[in-house]
Every structure is written in structure tokens, then in C-alpha cells.
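Sequence order for the protein chains is G and S.
Counted from 1, the first sequence has number 128 at position 128 by our numbering; the numbering is strictly sequential.
Start counting at 1 in the second sequence, then tack on 393, and there's your number in our numbering.
Report on one structure; see the data block that follows.
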Amino acid sequence: MRLLARLAGYVPTVVLARRNVSRASARSALAVVAVVIGVVAVGGVGLGGEAFTQNQLEAYDGFGGVATVSQLDYPDDGAAEPNGELSEQEVGRLRQAAGSAAVIPVVRPANDTVRTPDGEALFTVRVVSMSDPSRFYELRSGSFPASSSRAVVVGSRVAENNDLAVGDRVTVSTDSFARSFRVAGVLKGQGFSDPLSADRSVFVPVGQFDDPTYDEALVQVDAQDGSLDETVERVETEFNGRDRSVFVDRVSDQRDQRAETFEQINLFLLGLGAVSLLVAAVTITNTMLMSIAEREGELGVLRAVGYGTWAVLRLVVVEAALLGVAGVAVGVPLTLGIGAAVNHALLGDPLAFTATGLRYVALGAALGLGIAVFGGLYPAWRAATREPVEALE
Amino acid sequence: MSLRHRLGGSVPVLVAAVRNVSRAKLRSALAAAAILIGVVSIAVVGAGGEAFKSGQLQRVESQGATNVYVFPGPDREREYFTREDLAEIQETVGTTGVVATTTRDGQWHRRSDRSEQVSLNYVESAAALRAITPVARGELPSTWRRQAVVSARFASDHGLATGDRLRISTGDESVQTYRVVAVLSEPTGGVGSAEVYLPARALDDRQYDRARVLTGSADEAELTAALLREEFNERRDRLLVFELTSLLRLFTQVVNGINTFLVGIGAISLVVAGVAIANTMLMAVIRRREEIGVLRAVGYSRGAVVRILLAEAGLIGAAGATAGVVLALPAVMVANAAFLGDPLAFTPGAVGYLAAAFAFGVGISLLAGAYPAWRAANERPVDALRG
Chain G
1 MRLLARLAGY
11 VPTVVLARRN
21 VSRASARSAL
31 AVVAVVIGVV
41 AVGGVGLGGE
51 AFTQNQLEAY
61 DGFGGVATVS
71 QLDYPDDGAA
81 EPNGELSEQE
91 VGRLRQAAGS
101 AAVIPVVRPA
111 NDTVRTPDGE
121 ALFTVRVVSM
131 SDPSRFYELR
141 SGSFPASSSR
151 AVVVGSRVAE
161 NNDLAVGDRV
171 TVSTDSFARS
181 FRVAGVLKGQ
191 GFSDPLSADR
201 SVFVPVGQFD
211 DPTYDEALVQ
221 VDAQDGSLDE
231 TVERVETEFN
241 GRDRSVFVDR
251 VSDQRDQRAE
261 TFEQINLFLL
271 GLGAVSLLVA
281 AVTITNTMLM
291 SIAEREGELG
301 VLRAVGYGTW
311 AVLRLVVVEA
321 ALLGVAGVAV
331 GVPLTLGIGA
341 AVNHALLGDP
351 LAFTATGLRY
361 VALGAALGLG
371 IAVFGGLYPA
381 WRAATREPVE
391 ALE
Chain S
394 MSLRHRLGGS
404 VPVLVAAVRN
414 VSRAKLRSAL
424 AAAAILIGVV
434 SIAVVGAGGE
444 AFKSGQLQRV
454 ESQGATNVYV
464 FPGPDREREY
474 FTREDLAEIQ
484 ETVGTTGVVA
494 TTTRDGQWHR
504 RSDRSEQVSL
514 NYVESAAALR
524 AITPVARGEL
534 PSTWRRQAVV
544 SARFASDHGL
554 ATGDRLRIST
564 GDESVQTYRV
574 VAVLSEPTGG
584 VGSAEVYLPA
594 RALDDRQYDR
604 ARVLTGSADE
614 AELTAALLRE
624 EFNERRDRLL
634 VFELTSLLRL
644 FTQVVNGINT
654 FLVGIGAISL
664 VVAGVAIANT
674 MLMAVIRRRE
684 EIGVLRAVGY
694 SRGAVVRILL
704 AEAGLIGAAG
714 ATAGVVLALP
724 AVMVANAAFL
734 GDPLAFTPGA
744 VGYLAAAFAF
754 GVGISLLAGA
764 YPAWRAANER
774 PVDALRG
């Protein structure tokens, strides 16, 4: 305590300001509450939005080092039929160009229909087939079937909306077959950012197709074997030399675009939340105006005994700043608590704070402090420029 | 002046409140400003969102919400409708019109050495085409044979006008020449739109890949869709039936949810404004402690004191909320102009949000004034007068 008092002695203005602020405790407390709400609104919206973004972007986790290759709808050369399919030969060329990278062709059969055991057709569900979906997805329950077996893996939304569980049977019909399959596994939820829309898909083993036509291919590079950029370069050289014939898209680019969209939405929400800080600034101004009106005589005395205009100005601004500091001191832990709750709910880990999220919290704190000082400026100027003689009357 | 006094005389509480509020002008003005900001943020976000929603709904409705779209279902043996199928559908829906169309991809031979892909839509008759899309320029012949109608976008993209000739082929068939006789008006787009419309008799097979049932309203469309599902899809899905009404409902639900969320975030600022009001009123009752003591001593009841102070808080709130709504109006009008094409096209939902913002502003002021008022009213007059 002695140490604190000695330290405080170095900043007499702060000590004086602190005393003044606590003289009207109800009024100051209410002003602090206003700042707290504003700080929590900005920080909370920022953290919540970040947690939501991370939650959505988790869908890309399994797609590290992956690019999608699909045929252009309208190839430049015009000779090739623009059927949107990759032929067996093109897949071969792709494998050659990709080198050590894995090439996973994806089948999306035409006229696909999935039916529940009651015979209800699920129109929003797509049939997908690729070798080894476990490369990209994790299961919530069950297991991945062997390539030749009569079993499928269903996406999380497909399972939830239609009460499907492991062991149930679904009928899948496509151009080339109509068969009944056992549900072998249910995927974890991927969110709407998933590159393959797995949530709304039924994964059929590749072995079920006698003569598959490929709609796109995924190229996956193992980080140890080489870089995706080099592989993409080779694929581009092979297919898009003179005429462009395929479209190569890095999944990481898709992820970045999605993340950018989310960030813009988040900034908009943040701006809306920041309006409350504006109101808090008005509250601070009001509080400080009341305070200086009450202490008119006292401030007059200070001026009369030699306090300069600047000293009074500084005193009142520091008082306002203290209200802001108190608001931030309460608001930031509160924000972090809310953020932890949201993280726990969306990401399963209360401490999954990201640098961006924490930056939003810091922004809220800085704004809280800033508006407090800003809100105190006018009252301070008014108090400081009052003629001592008038004030003392 | 006398009228004002007489009016005021009938609500003495209000007169006292006005006087008291104006005793501390700056303080009251700042508190009202806090409410104003909150009201503006709720009103602009809420009413702007409503304008956006209505604009989108109007667009979708103009693109055929009164239609029911019917496609061959997965349980049909054929992937197209024949004339018999269409007759069966017509029988089920009764008097309402059924228009069957077929979309194909065709090649447009602009020059002998160059062709490009166009989307074609074959329609049964000129009357049927008029029923599904409005025609902007040109006249359709009553017997439609070798004439084509093009969409407005297609015409403007390629500089086509009525009288021009289009050489078009589909699949392996030979090239046919059609004369452009009409251009459709925007907006086209929506379900089943195409670039070039041709008569169905140009098809050799007369197989239709879709039909639409034209009804008078979105509600009627929903009923018709239900009727078709019941009739054709009892056990097997012979038809795929779509109507936009259920989609519209889903869209409305989603937009309403988002809007409520945004308004909720905007409402945080009104909560802060409530804190400002509480602060102002707390100041007021502390300053006027003795005065309130006197009122109590001369016989004012607790309730009367609470009423006076609540009237003050409500007055500040009402002033701020009124100014807020007035300030929000131009912003909402900008949103109306942008989404609905008319600045004065206030939708009931938008008016609702403006009213809600006002009510919320006044309500939160009363709520915030309650504690200071209660505190002032419960002080013993003797203590208050003693100072």
C-alpha cells in the first residue's frame, strides 16, 4: 500500500482525478456501465464472429494442399466437346502431370436419386463417388466401407434430416444402376463451406460404377513431397498451354475468399455494435458535465490558487479517462468470458481465441478508452476556460 | 398561449415535467441524444432490412410465384411429358392453364464458319408464350411456325432486332431459319428462362421436359401444388412439383432472422442510452432532493412523486425517439428508393420497425427512470428537508 501511495505520488493528477470520480459513485458507476456495454458489444461481436468463421472454415481442414481440377464449360479450342467431364485419358494425363501428388477423380452421376427406406425421394441429396473419402472427412459414427462393398457413407445433414443411422438402408439410383445400400457411416458436420458439399451428399464406393465418368478431380500434395504451387504449375502447363481446357482451383484460395467474406460481415456487425460506444461517449460527456457543474466553486478555487488552464483541462480529461479505464477493465474480462463460452459452443475449446479475435477485443478496449477521453474533452474545455472570478461567485 | 395553458392544465404532471426537464437543458439534451442514436440505429437497420426483403420478394414474385412448376418425377418410366400426360395434369388442376415447354441446347450459326451455343425454349403456342412472359416489342403471329422470340438480354447482347434472321440447329438436325418477330421485356430470368423461344411444332418429337400451371395468386399456386402432389405422388413420385411460395416463405424466414439479429445488435446502443437516462434522472433527483421533500411534506403521495419523475424520463425519451425517427426517415427512404424504386414505399414491416424503435426508446427511458424515481419517492421527507 505504501509503495502504491508513493507511486501514485508521481502522478498527482491521477490521484486527484480518482478521488473526484469516486465522490459521485452512483453517477460514475453508471457511466462505467455504459462503457462496459460498449466494449463488450464490440469485443463480443468480434469474438463471436471469429468463432463462427473458424467453425465454418474447419470444413477446409482436411483439404490442405488440395486443388480441384475441372473441365472448362467452354474450352477455347472448341474442338473438344464441352461436356464438363474429364475423360479416362485426361485423368491419366493429370496423374502424369501431378507426379507424386495423389489424384482423386470424383464421380457425380447424372439423374441421381436417393431414397429412404419408406421410398421417399430426397431431392436435395447428391450422389458422389470418390476413392478414399477418409482422406478428407472424419466420421461421426460407423466406418468407411471397402471400395467394392454395397455400403454408403452419408453426410451429416442427410442423416439428421431423414433420421438415418448406421445400419439403415437407402436406395441409390443413377444412370447406371439402382441398388439398395447399407449406411456404413455418418460424416461429421462440415458446414456450408465444404468444397464437396459433403453434408448434403451420399458417398457411394467407386467400385459400384462399371464405367465411371469423372466430373472433377482433386489433386492432393503431401507437404513433404513437394509444393502444391509447383504441381498446379505442371497441371496448368499440361492442360492450359495454348488453349485453356481445365480450371484449376486451389482449395486454400477458396478458403481465403470465404474467410474474407466472413471478415467483411463481421466488420459490418462490429460497426453496428460500435454505435453503442458512441452512446457511451455521450453518457461520459453528460456525466462529466454534471460533475464540473457541481464542482464549479472548487474548480474556481483551483484556478484562483494558480492551477493553469491546462492543469484543469488535464484533471477533467483524466477523470473521464478513468471512467473509460474502469469500463475497459470490467469489459475486457467480461468479453473474454463471453468469447470463451462461444468458443466452447462452436469450436469445442473455450481457449480457441485467434489473433484476429483478440485484435477485435483490443479494438473494443481502445475505442472504449478513446471515447471516454473524447467525451471528456468538451466538459474539460468548459471547466478550464471558465473565469475563476465567475466560478467563485 | 392560453390554449397551451388550458391544454397543459388538464395534464399538470406533464407541465411540471416539461418545466423540470428544461431546467437542466444540456443534461437532458445529451440524454435525449443518446436515445436518438439508439433509435436511429434500430430504425434504419430494421426498416432498411424490411425494404430489402420486400424488394427481393417482389422480384421473385414477378418471376412467377403464381406458377407451379412441374417436372417428370423419378418414378416415371419416361423422362418427359407426352400430350397425354399433360392432359392428365390439366384434368387435375381444372380450369387453370397449363403451359408445357421444352428446353434444349441449340447451335446458333451466326456465320457459315462460326456457331455458338444458345438455350432454346420450345413453347406450344403464341398465347402460351404470352401467358408466361411479357413481350416488349414486336407481335407474335397467331399461327407460330418459323418465327423466333428472343429475350431482351440476348437481343441487346447481340444487337438483334425484329426482322433479323436466326439460323439454328439442334442435335444432329439440319439448320432451320427463323425470323425474329418479338423481343421479350425484362425481367426474364427465373425458372425455365431461355435466350431464344421457338414454336413447339418445330420439334419433331413433341416431348416436353416441363410444364407450368398458371394460377392467379401465390396462395392458389400453393394449393394447386398440394393437389398435384396428392394426385400423382400418392405412392410413387411421378411428378416433381415446385412452387415458389414455400421458397418465399423460407426466404422470408431467413431474412427476418438476420434482420432481428442485426436489430438486436443495434438495440445494445439503446440499452446504453437507458443507462444515460438513469444517470441523468439520478442527478436530477439528487439535485432536487429538498424540493421533492417539500412536495412530499405538503401532501404529495409517493405515487405522485414517482409519476412526476417518470414523466420527466418519458419526456426525454420521447423527445430523443421522435428526433431519432425523423432522422431515420431519410435513410429509410434511401433504402426504399434503392430496393423498391420508390422512396415513399414504406412497407408495413418498415413502419412496424419505426414504431418499435420509438416505443423501445420511450420504454427504455421509463424503465431507466424507474429506479431514480423510486429512490426519490421513498426518502423520508424529514431527511430530505434536513439536507
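All C-beta atoms in this analysis are idealised placements derived from N, C-alpha and C, irrespective of residue type, glycine included.
Partners in chain G for residue i, counting only beta-carbon separations shorter than 8 Å
i             : result
residue 630/S : 121
residue 427/S : 279, 282, 283 and 286
residue 675/S : 26, 27 and 30
residue 434/S : 272 and 275
residue 430/S : 275, 278, 279 and 282
Among the options, nearest to residue i - alpha-carbon criterion
i             : options                       : result
residue 676/S : 30/G, 182/G and 17/G          : 30/G
residue 636/S : 727/S, 627/S and 460/S        : 460/S
residue 244/G : 236/G, 250/G and 251/G        : 236/G
residue 94/G  : 388/G, 213/G and 238/G        : 238/G
residue 847/S : 771/S, 622/S and 714/S        : With chain S represented from 394 up to 780, any question about residue 847/S goes unanswered, as that position is not in the structure.
residue 346/G : 323/G, 55/G and 312/G         : 55/G
residue 293/G : 418/S, 408/S and 412/S        : 418/S
residue 618/S : 640/S, 595/S and 599/S        : 640/S
residue 87/G  : 323/G, 314/G and 69/G         : 69/G
residue 745/S : 731/S, 725/S and 757/S        : 725/S
residue 648/S : 437/S, 447/S, 719/S and 769/S : 447/S
residue 438/S : 577/S, 661/S and 591/S        : 661/S
residue 65/G  : 219/G, 282/G and 177/G        : 219/G
residue 723/S : 409/S, 404/S and 441/S        : 441/S
Rounded C-alpha distance that separates residue i from residue j
i             : j             : result
residue 717/S : residue 267/G : 24 Å
residue 659/S : residue 14/G  : 35 Å
residue 221/G : residue 58/G  : 19 Å
residue 473/S : residue 603/S : 7 Å
residue 582/S : residue 451/S : Any reading at residue 582/S must be qualified, since the residue scores a pLDDT of 49, below 50, and its modelled position is unreliable; no value is offered.
residue 772/S : residue 708/S : 24 Å
residue 527/S : residue 124/G : 32 Å
residue 130/G : residue 479/S : 40 Å
residue 468/S : residue 112/G : 12 Å
residue 308/G : residue 321/G : 20 Å
residue 411/S : residue 257/G : 56 Å
residue 53/G  : residue 430/S : 30 Å
residue 79/G  : residue 115/G : With a pLDDT of only 44 at residue 79/G, under 50, the local geometry of the prediction cannot be trusted, and the value read off the model is given with reservation. Taking the straight line joining both Cα atoms gives about 39 Å.
residue 179/G : residue 172/G : 6 Å
residue 568/S : residue 578/S : 27 Å
residue 201/G : residue 133/G : 12 Å
residue 510/S : residue 481/S : 34 Å
Contacts of residue i in chain G (Cβ-Cβ under 7 Å)
i             : result
residue 653/S : Those within 7 Å of residue 653/S in chain G number zero; the least Cβ separation is about 13 Å.
residue 548/S : By Cβ distance, chain G contributes nothing, its closest Cβ being about 21 Å from residue 548/S, past 7 Å.
residue 525/S : Ordered by position in chain G, no residue passes the 7 Å Cβ test against residue 525/S, which lies about 24 Å from the chain.
Chain S contact residues for residue i, given Cβ-Cβ distances below 9 Å
i             : result
residue 273/G : 658, 659, 661 and 662
residue 385/G : Those do not exist, as residue 385/G stays about 16 Å from chain S at its closest Cβ, beyond 9 Å.
residue 473/G : Residue coverage of chain G in this structure runs from 1 to 393, which leaves residue 473/G outside it and unanswerable.
Closer than 7 Å at the beta carbon, the chain S residues around residue i
i             : result
residue 201/G : Those do not exist, as residue 201/G stays about 17 Å from chain S at its closest Cβ, beyond 7 Å.
residue 45/G  : 658
residue 33/G  : 668
residue 113/G : 467
residue 290/G : 420 and 676
8 Å Cβ cut-off: residues of chain S touching residue i
i             : result
residue 204/G : Per Cβ cutoff of 8 Å: no residues; residue 204/G is ~17 Å from chain S at best.
residue 269/G : 655 and 658
Where residue i meets chain G, residues with beta-carbon distance less than 9 Å
i             : result
residue 587/S : The contacting residues do not exist; residue 587/S stays about 17 Å from chain G at best.
residue 438/S : 272
Report the residue ranges of all alpha helix (DSSP H) runs contained in full by the region 79-122 of chain G; include only those spanning at least 4 residues, in chain order.
88-98
For the region 180-197 of chain G against the region 137-151 of chain G, do three or more pairs of beta-carbon atoms, one drawn from each stretch, fall closer than 8 Å, so that the two count as touching?
yes
Counting pairs of Cβ atoms below 8 Å between the region 757-767 of chain S and the region 666-683 of chain S, do you hit three or more?
yes
Which runs of the alpha helix (DSSP H) spanning at least 4 residues fall entirely within the region 156-213 of chain G, listed in chain order?
156-161
The region 521-541 of chain S touching the region 497-509 of chain S, judged by at least three CB pairs closer than 8 Å
no
Sufficient close CB pairs (3 or more, under 8 Å) joining the region 303-323 of chain G to the region 377-391 of chain G
yes
Flag this pair as touching only if the region 16-35 of chain G and the region 213-220 of chain G have three or more C-beta atom pairs under 8 Å; answer yes or no.
no
Taking the runs of the alpha helix (DSSP H) that are 4 residues or longer, which of them lie wholly in the region 274-305 of chain G?
296-304
Given 8 Å, three or more beta-carbon pairs between the region 441-451 of chain S and the region 680-697 of chain S:
no
Does the region 593-607 of chain S touch the region 481-492 of chain S, meaning 3 or more C-beta pairs lie closer than 8 Å?
yes
Decide yes or no for the touch test of the region 621-638 of chain S against the region 98-110 of chain G: beta carbon pairs closer than 8 Å, at least 3 of them.
no
Taking 8 Å as the threshold, find out whether the region 226-235 of chain G comes into contact with the region 11-25 of chain G through three or more Cβ pairs.
no
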